[in-house]
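Chains as they are written, first to last, in my numbering: chain A, 3 to 291; chain B, 475 to 770.
Heads up, the beta-carbon is just placed ideally off N, CA and C, and yes, glycines get one too.
Note that the structure is a prediction, hence the values are computed from the model and not measured.
The next block holds one structure in the form of structure tokens; read it before the comments.
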Amino acid sequence: MISSDDYAIAAEDLGVRYNLRFTRKSTVRGSFASLLARRKPERFWALRHVSVQVQHGESLAVIGPNGAGKSTFLQVLAGIMRPTEGTVDIRGQVSGLLGLGVGFDADLSGAENILLGGAFLGLDGPRIRELLPEIINFADLGQFIDAPLKTYSSGMRARLGFSIATAVDPDILLLDEVLATGDASFRAKSKARVIGLVRSAKAVVLVTHDMEWVREYCNRAMLIDKGKVIKEGSPDEVTKLHLARMQEAAARRTEELTAKGLDPVMLPKKGDRRMKRQAGTSDPPSASP
Amino acid sequence: MSQGPAAVSLRHAADGDSPLALLRQGISDILSRRRLVRYLVQADMKKRGSDTFLGNLWWVLDPLLQMAVYVILVSVIRSRSAPDFPLFILAALLPWKWYQSVVNDATSAVVSKDKLIRQIAFPKLVLPVSAASAGVVGFLWGMVPLGLLMLFFLDRIQPIMLVWIPIIAAVQFVFTMGSAILVSAANVFFRDLGKAIGHGLRLWWFLSPGLYSLQDVRATALVQDYPIIGTLVGFNPFAVLFEAYRGVIYGGADGVSPPHPPDVVSLLFLLAGSVALLAIAVVLFKRVEPEFAKVL
């Protein structure tokens, strides 16, 4: 099935299933209760049947609405999460900046966090010390580099995180919503660095809501929704489809609400347990093509 | 993580690895991240020292103050205690504080790093292992108050017997490490463990011969009537450890006989049990590790 041998990433029929029985802050009592009730464990697929290849030198944008499975996809590529089904083949060293405010220890200084971060990423001692001046230089935090991380603003944390993640000169770089951080000058600098990495035949996979960036700097885009690939292709086509779908969804919601006689501006409360259950059951595992 | 440009890694879907393979993975996780464990221990030490006024002095004060509480509790309120009671207690209190602090730290070791776990891939086993390693540093600090107290009871001490302390501590280290790994993983799935463990530990301390000797327990009417209880009490790992520590530091439980070497057979049994516990803990930890990023 794999057509080209020169890929950096090959995902085959990737699926990640969450078991809602063990989501946040489960307690022994809760587990006993569900055991007694003999409920089947509630499961839902955050990703399913995702197959994609990324070649060296390519920059793939992953777009989609909130909760579509974009971050889960990056977590699988980064090795943070093991797929429930399918395989991922990664060729090369992966480095990623997944999520904002990456910090390793809030009580340690920025410089100490670089050393600790390098150890977490699995770099050996001499290599980190060799990279240290460059990381400090790129993060450009001035005297704050010796201040504890807890005194940093979120923008400063993101700058430090970006500098660490990209300094290791990875073969594959994963970025999750991090392009829009920092002030204008750092944003320009980080854009330049990502473009540089793409040019030097490194593969980049990024999750973003910045469609302009996708059209301008990515050579491919993938739209996912409810864990499934909707469309994969040129950034222009895919972003167009995404925007159209977003508008459609917004229009449908307004319609539904007005039909119920509700004011469309008053949106229902999100995030309660009932909503979560619905998400689990309305997404049957048997949704194979 | 794979290193170098030519590195190739293939991640399959969750396939059942054999326990032996998981154990091997766990060992290589730790060996390959020795430096990370060292950094985490150093960071831990730095934090403990930095946010209090007296800083590292607390390492010394803490056991001494707690010992004072028990001395008052037992000798004044109950008005009967072994001779040279402070030394009697501290010989058991120091190893207990080591175990207690490690297990407490281990409950939050994985859970508190939830953000990091969802952001980068690293062997999670380093978290409980560094918590257990940091405990060793605390125990070493505990030797300072012990040394100070010994100065008051010089006639009791037999320096050659103190050589046993690191040997007994090594057995305890294996047991502590196994407990830390188990607890850190279990707390990810059952958050009430963090609450239960404080009470469980306190109960365990009072059920262990820390404030009293194993001989005292065996002399009680209950054990006279039901000898099985006396046997069960002896199976408590901390009965073995406390008796061993106290034997080499303080001496016989009668309060008169001089320090003596520990019961090597029970120590060896405990070591075997602890190694088994550690192996089981590593296998279970590695088995549930891939779920951490989903559950946290």
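- Under the three-pair Cβ rule at 8 Å, the region 161 to 171 of chain A counts as touching the region 133 to 140 of chain A.
- Taking 9 Å as the CB threshold, Arg84/A lines the interface with chain B.
- The three-state reading of DSSP puts Lys230/A in strand, counting E and B together.
- What Gly98/A touches in chain B, judged by beta-carbon distance under 9 Å, is Gln593, Ile594 and Ala595, going in chain order.
- Beta-bridge analysis with DSSP links Leu176/A to Gly98/A and Val207/A.
- Take Asp109/A, set aside five residues on each side of it, and the residues of its chain with a beta-carbon closer than 7 Å to its own are Pro150 and Lys152, in chain order.
- Nearest neighbour of Lys598/B by Cα position, chosen from Phe122/A, Ala80/A, Asp126/A and Lys72/A, turns out to be Phe122/A.
- A Cβ of chain B is located within less than 9 Å of the beta carbon of Phe106/A.
- Comparing alpha carbon positions, the residue from Glu60/A, Gly59/A and Tyr20/A closest to Ala48/A is Tyr20/A.
- For the pair of segments examined, the region 719 to 731 of chain B was found to touch the region 556 to 566 of chain B: the number of CB pairs separated by less than 8 Å reaches three.
- The beta carbon of Val56/A sits no closer than 9 Å to any beta carbon of chain B.
- In this structure, the CA atom of Glu114/A is about 14 Å from the CA atom of Val511/B.
- In the structure shown, the three-state DSSP call for Gly235/A is strand.
- If you ignore the 5 residues before and after Met635/B, its C-beta comes within less than 6 Å of the C-beta of Val722 and Pro733, all in its own chain and listed in chain order.
- Counting C-beta atoms within 10 angstroms of its own C-beta, Ser607/B has 16 or more neighbours from the protein chains shown and is therefore classed as buried.
- Apart from the 5 residues on each side of it in sequence, Ser192/A sits with its Cβ closer than 6 Å to the Cβ of Phe164 in its chain, given in chain order.
- For Asp91/A, the three-state secondary structure derived from DSSP is strand.
- Against chain A, a Cβ distance below 8 Å from Pro764/B picks out Met83 and Arg84.
- Leaving aside the five residues that flank Ile232/A on each side, the residues in its chain whose CB is nearer than 6 Å to its CB run, in chain order, Leu225.
- For Tyr544/B, the enclosing alpha helix (DSSP H) has its first and last residue at Leu531 to Val545.
- Here Gly198/A is exposed, its C-beta having fewer than 16 other C-beta atoms within 10 Å.
- Using a Cβ-Cβ cut-off of 9 Å, Leu505/B does not count as an interface residue toward chain A, since no Cβ of chain A sits closer than that to its own.
- For Ala12/A, the three-state secondary structure derived from DSSP is strand.
- By the Cβ test, the region 558 to 572 of chain B is not in contact with the region 580 to 595 of chain B, since fewer than three Cβ pairs between them sit closer than 8 Å.
- A contact is defined here as three or more CB-CB pairs under 8 Å, and the region 200 to 215 of chain A meets this definition with respect to the region 59 to 71 of chain A.
- The region 242 to 252 of chain A and the region 71 to 82 of chain A do not touch, with fewer than 3 CB-CB distances between them shorter than 8 Å.
- Judged by DSSP secondary structure, Leu590/B falls within the alpha helix (DSSP H) whose first and last residues are Asp588 to Gln593.
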